[in-house]
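Asker: In the working numbering, the protein residues as written are 2 to 428. Glycine residues also receive a C-beta, built at the ideal position from the N, C-alpha and C atoms.
1) Let me check understanding here. Comparing Cα to Cα, which of 352, 380, 385 and 393 lies closest to residue 408?
2) Report all residues from its chain with a CB closer than 7 Å to the CB of residue 368; omit the five preceding and five following residues, and keep chain order.
3) Can you give the Cα-Cα distance for residue 102 and residue 114, rounded to whole angstroms?
4) Can you look up residue 369 in the DSSP assignment and give me helix, strand or coil?
5) Could you give the distance in angstroms between the alpha-carbon of residue 250 and the alpha-carbon of residue 419?
6) State the Cα-Cα distance for the pair residue 390 and residue 175, rounded to the nearest angstrom.
7) DSSP on residue 127, reduced to helix/strand/coil?
8) Looking at the secondary structure, which residues open and close the beta strand (DSSP E) in which residue 389 lies?
9) Leaving out five residues on either side along the sequence, give the residues of the same chain with a beta carbon under 6 Å from the beta carbon of residue 277.
10) For residue 26, which of helix, strand or coil comes out of DSSP?
11) According to DSSP, simplified to helix, strand and coil, what is residue 134?
12) Alpha helix (DSSP H) containing residue 206: first to last residue?
13) Do residue 328 and residue 371 have their CB atoms nearer than 9 Å?
14) When DSSP labels each residue in this structure, what does residue 32 get in the three-state scheme?
15) Between the segment 132-150 and the segment 72-81, are three or more C-beta pairs nearer than 8 Å?
16) For a test of the three-state rule: what should DSSP assign to residue 294, helix, strand or coil?
17) Of the choices 216, 348 and 143, whose alpha-carbon is the least far from that of residue 291?
18) If we count the other Cβ atoms within 10 Å of its Cβ and call it buried at 16 or more, is residue 28 buried or exposed?
19) Is the Cβ-Cβ distance between residue 151 and residue 127 less than 9 Å?
20) For residue 286, which three-state DSSP category applies?
21) Distance check for residue 51 and residue 23, CA to CA, integer angstroms please.
22) Measure the alpha-carbon distance for residue 125 versus residue 90 and round it to whole angstroms.
23) Rounded to whole angstroms, what's the CA-CA distance from residue 426 to residue 111? Just pull it up for me.
24) Who are residue 148's beta bridge partners in DSSP?
25) Please list, in chain order, all residues of the same chain as residue 20 whose beta carbon is under 7 Å from its beta carbon, the five residues on each side excluded.
26) Classify residue 44: buried if its beta carbon has 16 or more other beta carbons within 10 angstroms, exposed otherwise.
27) Can you check the segment 33-80 for any beta strand (DSSP E) of at least 3 residues that lies completely inside it and give the ranges in chain order?
28) Here's a check: name, in chain order, each residue in its chain whose Cβ is nearer than 8 Å to the Cβ of residue 338, leaving out the five neighbours to either side.
29) Is it true that the segment 154-169 meets the segment 201-215, where meeting means three or more beta-carbon pairs spaced less than 8 Å apart?
30) Where do the N-terminal and C-terminal ends of the alpha helix (DSSP H) with residue 266 fall, by residue?
31) Anyone know if the C-beta pair for residue 171 and residue 198 falls short of 9 Å?
32) Comparing C-alpha positions only, which one of 178, 235 and 228 sits nearest to residue 31?
33) Closest by CA to residue 358, which one among 381, 107 and 95?
34) In terms of residues, what are the limits of the beta strand (DSSP E) holding residue 115?
35) Relative to the C-alpha of residue 154, which candidate in 307, 402 and 424 has its C-alpha closest?
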């Protein structure tokens, strides 16, 4: 297939593989590839449009299966150059799809329960996938500084990716993030700036900086590079289906922060169907939120199309986006596929973290507790079908959110004698 190139404002060309243009989700207006994220006609969000017309299904399948054990095995389906795997990057992806039989027995699931465990990525969250995509766009458009607004995981992913690729990084976070995430973002040597306020305040500041001369040469992965960044989430859909033997799962439970991960997983599944890589059959997508930040869940339950912003108040800080950009599109996906959006309380999140750790040896961060907690709640309500295949996402490592399970500790303290061991009831 021929490489698509487009002229940038500096009359240079960029190689972004099969990416053909940017297309508005709302009105369909197309513009050339570039560092823009909003439609000039209707201000709707832009996303990548591709030309896959020259691909042969079986040849494409063989090419993917022969590729590297990272997201770059799917380079033919992403906005990246063909030689992307040879460039300095963190090579995220191809994480484990764990068949969770112990958890399935606990929850009464008989159709097959899997945990897609993205804590195995280089900085221990799925954010490495989206940052890897944004980094390639930043290279193509000549940016010199990599930046973002972040609830924590993204800050670390940007810092690490920038260090590996030789970029400067400067990232912005709410001032009261979990200390583990602050340390992990700062250790890579970039600039880490706390903003007084919540994530939505941080995001507004970054949008202002983009329009100021001080932000010239800056690639904000989740703002002016957002169309490229968001495509990284599709690789979760690709991996799940390939790891299931090139078949769609019946049901997927996905955490919601901005909502982009959920909508892009759906986009990835639709692409696999259109390319003939999986059989076209129904699947359902379910969204998971914390009760303390549940604007999408609230709208879904009320039957609304408009997502009203909320002020976040939850231990699941990585999901604490009160005004999610993709909220309305999440509602569309859940309703179109026959899924749902649900939320759980902070105590339910903690209990679900412990449940997953106890049954499968997977220590999830709070977002993983949200998805497992919502899975249990939807099963109890009869919304999820226990007789059908189910995939639950764990998007990060519990070592980043230790405060959530701070009450966990020693079973007993004993003297170094067998009598003391027996007295403690441990024999």
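Answerer: So, from the data block:
1) Taking residue 408 as reference, the option from 352, 380, 385 and 393 with the minimal CA-CA separation is 352.
2) Contacts found: 256, 317, 319, 320, 396 and 397.
3) So the alpha carbons of these two residues sit roughly 7 Å apart.
4) Helix at residue 369.
5) For residue 250 and residue 419, the distance between alpha carbons rounds to 51 Å.
6) One C-alpha to the other measures close to 38 Å.
7) Three-state DSSP puts residue 127 in coil, outside helix and strand.
8) Looking at the DSSP string, residue 389 is not in any beta strand (DSSP E), and its letter there is neither H nor E.
9) 58, listed in sequence order.
10) DSSP places residue 26 in coil when its eight states are reduced to three.
11) The answer is helix: DSSP assigns residue 134 an H, G or I state.
12) Counting along the chain, the alpha helix (DSSP H) containing residue 206 begins and ends at 200-211.
13) No.
14) Residue 32: strand per DSSP, three-state reduction.
15) When Cβ pairs closer than 8 Å are counted between the two stretches, the segment 132-150 is seen to touch the segment 72-81, the count reaching three or more.
16) Three-state result, residue 294: strand.
17) Comparing Cα-Cα distances from residue 291 to each of 216, 348 and 143, the minimum goes to 348.
18) Exposed.
19) Here residue 151 is not near residue 127, since their CB atoms are 9 Å or more apart.
20) Strand.
21) Cα to Cα, residue 23 sits roughly 9 Å from residue 51.
22) Near 15 Å, if we compare the C-alpha coordinates of residue 90 and residue 125.
23) For residue 426 and residue 111, the gap between their C-alpha atoms comes out near 36 Å.
24) DSSP lists 171 and 221 as partners of residue 148.
25) The residues are 5, 34, 49, 51 and 80.
26) With fewer than 16 neighbouring CB atoms inside 10 Å of its own CB, residue 44 falls in the exposed class.
27) Listed in chain order, the complete beta strand (DSSP E) runs (minimum 3 residues) inside the segment 33-80 are 47-51.
28) The answer, listed in chain order, is 267, 283, 284, 285 and 286.
29) Here the segment 154-169 makes no contact with the segment 201-215; the two share fewer than three CB pairs at distances below 8 Å.
30) Unbroken alpha helix (DSSP H) run through residue 266: 261-275.
31) Not closer than 9 Å, so no.
32) Taking only the C-alpha atoms, the option nearest residue 31 is 228.
33) Nearest C-alpha to residue 358: 107.
34) That run of the beta strand (DSSP E) goes 114-118.
35) Per the Cα distances, 402.
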